[in-house]
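Participant: Following this message is one structure expressed as structure tokens.
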Amino acid sequence: METDLVSRLEQAADRFVIPRRMNEGFDEQALLQLQEEIDRCGTAWTGATHVPKRAALILAELSPAIEACARLYEGDMRQRIQEAGLMVSEAVITALD
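Read in order, the letters of the sequence shown correspond to residues 0 to 96 in numbering that gives the first Met the number 0.
Shown next as structure tokens:
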């Protein structure tokens, strides 16, 4: 179960970040799926004393990766990706709280 949870998180992170890195614009559906997977992890880890190492690495790298992607864009698209980064960061904080 834990491995599946982390794999789903990793896949959702890749589906959101990699296309942004490839300058393919913005995908609202991929962002929503990433947030859902982060929330799913948070629910599964409620009361846990630790999270899986692989998940911790994914979550720690999300915000810097999204911010780096935003720098590839200009104007409204850059702002939208930066806002998405803040939303993801807040979801991670909530999941780990």
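Virtual Cβ for every residue (Gly too), placed ideally from N, Cα, C. These numbers were taken from a predicted model, which means no experiment stands behind them.
Which residue comes first and which comes last in the alpha helix (DSSP H) that contains E60?
Facilitator: Taking the sequence shown and counting its residues from 1, one reaches residue 60 at position 61. Its alpha helix (DSSP H) spans residues K52 to A69.
Participant: By the 10 Å Cβ neighbour count, where 16 or more other Cβ atoms means buried, how is A59 classified, buried or exposed?
Facilitator: Looking up residue 59 in the sequence shown gives position 60. That one is exposed.
Participant: Please state the DSSP three-state secondary structure of A47.
Facilitator: As a working note, residue 47 is residue 48 in the sequence shown. DSSP places A47 in coil when its eight states are reduced to three.
Participant: Are the beta-carbon atoms belonging to T93 and G41 less than 8 Å from one another?
Facilitator: Taking the first residue of the sequence shown as 1, we reach residue 93 at position 94. Taking the first residue of the sequence shown as 1, we reach residue 41 at position 42. For T93 and G41, yes; Cβs fall inside 8 Å.
Participant: Where does D3 sit, in a helix, a strand or coil, going by DSSP?
Facilitator: Within the sequence shown, numbered from 1, the residue matching residue 3 stands at position 4. Of the three classes helix, strand and coil, the one that applies to D3 here is helix, per DSSP.
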